[in-house]
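A.B. asks: Residue numbers (our numbering): 824 to 951.
Starting off with a structure, shown below.
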Amino acid sequence: MNYFILTYACYLAVSIAVTIWVARVLFNNGRIFLVDIFYGNTELADSVNKLLVVGFYLVNIGYMVLALKETGNISSTQVVVEVLSYKIGRIILILGGMHFINLGIFFKLRNKANRAKVMMERYKPFSE
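Rendered as structure tokens:
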């Protein structure tokens, strides 16, 4: 049995599955923030949301491919599990980090949009 091929196949399958799952969760739950940020413009919010997901996929799958190579000796199933735990753990940490970065960006944009909305409402009577 070629343990390298087994390791690569398991690594790619799990990493891609986790990436797709996280992207779907971010896409579905991030929409409401974007709609709020763009003052109810759902068409713009949906477009930006799709672009964010594409970027998310590109960054994560690109990293997965770069991290695929294993230079150590994989001589048993124990080593397969150890290598997989290290590689998949790194992918999960990166996904978690990207998730928190996305949340931070959403909250900053939302706060900025809310401040702009308050300023517009505050100065609305003067413009009439």
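By construction, the Cβ of each residue, glycine as well, lies at the ideal position given by its N, Cα and C atoms.
1) How about Ile884 and Thr842: are their beta carbons less than 8 Å apart?
2) Beta-carbon separation of Ile911 and Tyr834 under 8 Å?
3) When DSSP labels each residue in this structure, what does Lys892 get in the three-state scheme?
4) Rounded to whole angstroms, what's the CA-CA distance from Phe856 to Leu891? Just pull it up for me.
5) In this structure, how does DSSP classify Asn872 when only helix, strand and coil are distinguished?
6) Checking 8 Å against the spacing of the C-beta atoms, do Asp869 and Arg933 come in under that value?
C.D. replies: Reading off the structure:
1) Walking along the sequence shown from the start, residue 884 turns up at place 61. Walking along the sequence shown from the start, residue 842 turns up at place 19. Closer than 8 Å, so yes.
2) Counted from its first residue, the sequence shown places residue 911 at position 88. Counted from its first residue, the sequence shown places residue 834 at position 11. Yes, the Cβ-Cβ distance between Ile911 and Tyr834 is below 8 Å.
3) Counting from one through the sequence shown, the residue named residue 892 turns up at place 69. Of the three classes helix, strand and coil, the one that applies to Lys892 here is coil, per DSSP.
4) Taking the sequence shown and counting its residues from 1, one reaches residue 856 at position 33. Taking the sequence shown and counting its residues from 1, one reaches residue 891 at position 68. Rounded to whole angstroms, Phe856 to Leu891 spans 34 Å at the Cα level.
5) On the sequence shown, residue 872 is found 49 positions in, with the first residue counted as 1. Note: Asn872 maps to helix in three-state DSSP.
6) Position 46 of the sequence shown, counting from 1, holds the residue named residue 869. Position 110 of the sequence shown, counting from 1, holds the residue named residue 933. Cβ atoms of Asp869 and Arg933: not closer than 8 Å.
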